[in-house]
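Number of protein chains: 2
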Amino acid sequence: MEVDPRISEHARILVEHSAKVREGDRVVIQIGDYGRELATEVYKESAKRGASPLIVMVPSEALRGYYEATPEEYLQIFPGHYYELVKASDVVIHILSEENTRYLSSIDPRRIIVRSLATKRIADERLKKRWCVTQFPTPAQAQEAEMSLREYEDFVYSAVLRDWEKETEEMNRLRQAMNKTDTVQLIGDKTDLTMAIGGRSAVISDGTHNLPGGEVFIAPLEDSVDGEVFFDLPAVRYGKEVQGIRLKFAKGEIVDYSATKNEDLLGAMINTDEGSRRLGELGIGTNRGINRFTKNILFDEKMAGTIHLALGNAYKECGGTNESAIHWDMIKTMKTGKILMEGEAIQENGKFKWEE
Amino acid sequence: MEVDPRISEHARILVEHSAKVREGDRVVIQIGDYGRELATEVYKESAKRGASPLIVMVPSEALRGYYEATPEEYLQIFPGHYYELVKASDVVIHILSEENTRYLSSIDPRRIIVRSLATKRIADERLKKRWCVTQFPTPAQAQEAEMSLREYEDFVYSAVLRDWEKETEEMNRLRQAMNKTDTVQLIGDKTDLTMAIGGRSAVISDGTHNLPGGEVFIAPLEDSVDGEVFFDLPAVRYGKEVQGIRLKFAKGEIVDYSATKNEDLLGAMINTDEGSRRLGELGIGTNRGINRFTKNILFDEKMAGTIHLALGNAYKECGGTNESAIHWDMIKTMKTGKILMEGEAIQENGKFKWEE
Chain S
-4 MEVDPRISEH
6 ARILVEHSAK
16 VREGDRVVIQ
26 IGDYGRELAT
36 EVYKESAKRG
46 ASPLIVMVPS
56 EALRGYYEAT
66 PEEYLQIFPG
76 HYYELVKASD
86 VVIHILSEEN
96 TRYLSSIDPR
106 RIIVRSLATK
116 RIADERLKKR
126 WCVTQFPTPA
136 QAQEAEMSLR
146 EYEDFVYSAV
156 LRDWEKETEE
166 MNRLRQAMNK
176 TDTVQLIGDK
186 TDLTMAIGGR
196 SAVISDGTHN
206 LPGGEVFIAP
216 LEDSVDGEVF
226 FDLPAVRYGK
236 EVQGIRLKFA
246 KGEIVDYSAT
256 KNEDLLGAMI
266 NTDEGSRRLG
276 ELGIGTNRGI
286 NRFTKNILFD
296 EKMAGTIHLA
306 LGNAYKECGG
316 TNESAIHWDM
326 IKTMKTGKIL
336 MEGEAIQENG
346 KFKWEE
Chain B
-4 MEVDPRISEH
6 ARILVEHSAK
16 VREGDRVVIQ
26 IGDYGRELAT
36 EVYKESAKRG
46 ASPLIVMVPS
56 EALRGYYEAT
66 PEEYLQIFPG
76 HYYELVKASD
86 VVIHILSEEN
96 TRYLSSIDPR
106 RIIVRSLATK
116 RIADERLKKR
126 WCVTQFPTPA
136 QAQEAEMSLR
146 EYEDFVYSAV
156 LRDWEKETEE
166 MNRLRQAMNK
176 TDTVQLIGDK
186 TDLTMAIGGR
196 SAVISDGTHN
206 LPGGEVFIAP
216 LEDSVDGEVF
226 FDLPAVRYGK
236 EVQGIRLKFA
246 KGEIVDYSAT
256 KNEDLLGAMI
266 NTDEGSRRLG
276 ELGIGTNRGI
286 NRFTKNILFD
296 EKMAGTIHLA
306 LGNAYKECGG
316 TNESAIHWDM
326 IKTMKTGKIL
336 MEGEAIQENG
346 KFKWEE
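Protein chains in written order, with my numbering: chain S, -4 to 351; chain B, -4 to 351.
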């Protein structure tokens, strides 16, 4: 069986563009249940360049079994060998590839949080490396996206296999526009929202840490958000979908909210802490290979013709100061709306003004 | 889908009996292409006991691609992150599970040797840990064994899922007999071979480092082997089978040899170095769950009613002194033969004298 050439190309982009693998690099490739083919291609591309690849597999049933079987007191145990592995590495490529997106649904989230805190040093160590998260097309994600596996493969590769230099050029254009802007206004279906971004730094997602990349994001001034916004796409949390979300802001804070489904979850999230009532991020999707919502945030937030707002924690590299235990992205299509910067429409009905 | 309960039992034996996993242990589970189900069960059994499991996967196409793609000068590069992982671990469980047993056939063996030497520190480090090698039943191994996968599963589990305490008892009986013996004589089809083992220590394979276990082995005195032996089973090397091997020994050294197939390979092996012309091991199989030859040395050498002789390097723990770059096992069925110790038949037609 010949490997799908798109898998080889995906691997080449990961190794060359995202992780910039070079001679002597020690590379960790983490996969879930699937992703062996992509990991194998990444392995070969790394070897070619004189790097040392190693594949770590975390089967979903193993992780689920771990949470089920591990006595409470053992959840705190630090997996020191994994830490040493990551510490001694230069590159960590994480290939999402679960056979089932809901495998942790029935696990008490407290157990997962305890474990996350106990292993935080490993997560922190990974962020010091050249790291990238990507997706291998699986039947489970195809199912979430309401596609066949073959259709979903086409979708993933049209998002991932792009000319990232050209994409970066377009994103830079948007970034520069945002960096010159004091006030952004979003106008659309049941939506008229203004916010200030003056003095903040826009950041582009150019395929380095996320593949696909394709968004420019910034942290709005914490007290500046005013008006109403309606999200036509569901926001997902803990395997639950909150639909028909409407938020009303005054002086940066949410003063009213509603949802047509799972409104109680929305309320709980908004009231997590002080910071969760404010916006931490405004993101604008630019990836034209992503033309539909697939319930996978790695893709959804990059979709061209959408914006997303995140409640909660702001990214420090944008100069944001909002702090919260949550960072919850909500996505809105702008096919019938406008993004105004200093009153000028930089995007109208999903098209940037510099597009044909 | 329910996991085959034999997989869970295999995992329990590995964790409890072979590796003796306990609280705080850092466990590395290495798999090939398959073996995810067994690795998952080992993961859960480890987690239950307060150990930290981590799965490393080495797909055969990745390793083959590595050997194919890596420039000569890079073969020497030391994978330091893998070394740190092993060094920081307490237990290494290696699950053989290739999708294809011949995946390295066309790779120049020199490249494999260069790589083995460059990574020897990792292999040495593993031997300092609680380590075990086992087999997950794969279609490729079933094919080598000329069975269907279902039949091969039955075969593997009948070899692996044994009462290892009872097996150890029987092996201890044989070990004690060997330790009291000066001279062993093998009599059988075209075979009459004597050797001295006095002063050497017999070692049992009780399922700790090999699962299945089931052999007692010793290093004969280097100058003592005399007579002729015929091997009815093929000896496999570099994917080639040498059939109908006859060896003639005088004062420990091979003075004549022949084979009905691949005699030239036999000759090349015998003439590797000084030590490859002498025996490094006499092993006696005791595992009654293994009732046929399957071209997998992990099983074949444990088969009840067989002996094996290895040309070349002797195990130090037996007190052997023969040194060689090779250790090549050749297996002989004893269904129509005798093993004499001090002239007394300890086994006749494949049955030990203490068996019913």
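Where a beta carbon is used, it is the ideal one built from N, C-alpha and C, also for glycine.
Endpoints, the beta strand (DSSP E) within which residue i is located
{"i": "P48 of chain S", "result": "47 to 52"}
{"i": "I334 of chain S", "result": "333 to 336"}
{"i": "E236 of chain S", "result": "235 to 237"}
{"i": "M190 of chain B", "result": "186 to 191"}
{"i": "D221 of chain S", "result": "221 to 226"}
{"i": "M264 of chain S", "result": "First-last for M264 of chain S: 258 to 265, but that is the alpha helix (DSSP H), not the beta strand (DSSP E)."}
{"i": "G60 of chain S", "result": "Counting along the chain, G60 of chain S falls outside any beta strand (DSSP E), though it belongs to the alpha helix (DSSP H) covering 55 to 64."}
{"i": "E276 of chain B", "result": "274 to 280"}
Alpha carbon of residue i to alpha carbon of residue j, nearest angstrom
{"i": "T65 of chain B", "j": "G27 of chain B", "result": "20 Å"}
{"i": "L122 of chain B", "j": "A14 of chain B", "result": "12 Å"}
{"i": "E318 of chain S", "j": "V179 of chain S", "result": "22 Å"}
{"i": "L181 of chain S", "j": "L335 of chain S", "result": "6 Å"}
{"i": "A172 of chain B", "j": "R195 of chain B", "result": "12 Å"}
{"i": "T328 of chain B", "j": "T189 of chain B", "result": "17 Å"}
{"i": "P229 of chain B", "j": "D184 of chain B", "result": "15 Å"}
{"i": "E56 of chain B", "j": "L304 of chain B", "result": "33 Å"}
{"i": "G332 of chain B", "j": "E79 of chain B", "result": "50 Å"}
{"i": "G307 of chain S", "j": "L9 of chain B", "result": "46 Å"}
{"i": "L216 of chain B", "j": "Q342 of chain B", "result": "21 Å"}
{"i": "K348 of chain S", "j": "E339 of chain S", "result": "10 Å"}
{"i": "S143 of chain S", "j": "P134 of chain S", "result": "8 Å"}
{"i": "R99 of chain S", "j": "V220 of chain S", "result": "According to the sequence displayed, residue 99 of chain S carries Leu and not Arg. When rounded, the distance between both Cα atoms is 35 Å."}
{"i": "Y62 of chain S", "j": "C313 of chain B", "result": "44 Å"}
{"i": "M5 of chain B", "j": "S47 of chain B", "result": "Note that residue 5 of chain B is His in the sequence shown here, rather than Met. Taking the straight line from one Cα to the other gives about 19 Å."}
Chain-ordered chain S contacts of residue i [CB-CB under 8 Å]
{"i": "S47 of chain B", "result": "I72, F73, P74, G75, H76, Y77"}
{"i": "T65 of chain B", "result": "A42, K43, G45"}
Contacts around residue i, its chain only, beta-carbon distance under 8 Å, and the 5 residues preceding and following it disregarded
{"i": "E139 of chain S", "result": "T96, T289, K290, N291"}
{"i": "N205 of chain B", "result": "C127, V128, T129, L293, K297"}
{"i": "E162 of chain B", "result": "D201, G202, G208, G209, T281, N282"}
{"i": "E120 of chain S", "result": "Y78, V81, K82"}
Same chain only: Cβ atoms within 7 Å of residue i, ignoring 5 sequence neighbours per side
{"i": "R232 of chain S", "result": "L260, M264, W323"}
{"i": "V151 of chain B", "result": "Q130, P132"}
{"i": "K330 of chain S", "result": "G300, N344, G345"}
Amino acids of chain B, ordered along the chain, whose beta-carbon sits closer than 8 Å to that of residue i
{"i": "I50 of chain S", "result": "V51, M52, V53, P54, A57"}
{"i": "T35 of chain S", "result": "P54, E56, A57, G60"}
Amino acids of chain S, ordered along the chain, whose beta-carbon sits closer than 9 Å to that of residue i
{"i": "R31 of chain B", "result": "D28, M52, P54, E56, A57"}
{"i": "T133 of chain B", "result": "Those do not exist, as T133 of chain B stays about 14 Å from chain S at its closest Cβ, beyond 9 Å."}
{"i": "K115 of chain B", "result": "None at all; the shortest Cβ gap to chain S is about 15 Å."}
For residue i, the three-state DSSP class (helix, strand or coil)
{"i": "Y38 of chain B", "result": "helix"}
{"i": "F347 of chain S", "result": "strand"}
{"i": "L122 of chain B", "result": "helix"}
{"i": "M166 of chain B", "result": "helix"}
{"i": "V352 of chain B", "result": "The structure shown does not extend to residue 352 of chain B, since chain B is modelled only from -4 to 351, so the question has no answer here."}
{"i": "G75 of chain B", "result": "helix"}
{"i": "D149 of chain S", "result": "helix"}
{"i": "M325 of chain B", "result": "strand"}
{"i": "S101 of chain S", "result": "coil"}
{"i": "M298 of chain S", "result": "strand"}
{"i": "A340 of chain B", "result": "strand"}
{"i": "S253 of chain B", "result": "strand"}
{"i": "H204 of chain B", "result": "coil"}
Proximal chain S residues relative to residue i, where beta-carbon distance stays under 7 Å
{"i": "G202 of chain B", "result": "Going along chain S, no residue has its Cβ under 7 Å from G202 of chain B, so there is no contact; the nearest lies around 24 Å."}
{"i": "T289 of chain B", "result": "Under the 7 Å cutoff, chain S gives no residues; its nearest Cβ is about 26 Å from T289 of chain B."}
{"i": "Y38 of chain B", "result": "A57, G60, Y61"}
Beta-carbon neighbours of residue i, restricted to chain B and to distances below 7 Å
{"i": "L80 of chain S", "result": "H76, E79, L80"}
{"i": "R21 of chain S", "result": "P74, G75, H76"}
{"i": "Y69 of chain S", "result": "G45"}
{"i": "Y98 of chain S", "result": "Result: empty, since nearest Cβ-Cβ is about 12 Å, beyond 7 Å."}
Residue range of the alpha helix (DSSP H) that includes residue i
{"i": "I292 of chain B", "result": "292 to 295"}
{"i": "E210 of chain B", "result": "No alpha helix (DSSP H) contains E210 of chain B, which is instead part of the beta strand (DSSP E) from 210 to 213."}
{"i": "E139 of chain B", "result": "134 to 139"}
Beta-carbon neighbours of residue i, restricted to chain B and to distances below 9 Å
{"i": "A83 of chain S", "result": "G75, H76, Y77, Y78, E79, L80"}
Nonlocal neighbours in the same chain, by C-beta distance under 6 Å from residue i, ignoring five residues either side
{"i": "A197 of chain B", "result": "R170, M173, N174, V211, I213"}
{"i": "L242 of chain B", "result": "V224, I249, Y252"}
Any non-hydrogen atom of the ligand MG closer than 7 Å to residue i Cβ
{"i": "K311 of chain S", "result": "The ligand MG is absent from the structure shown, which contains no ligand whatsoever."}
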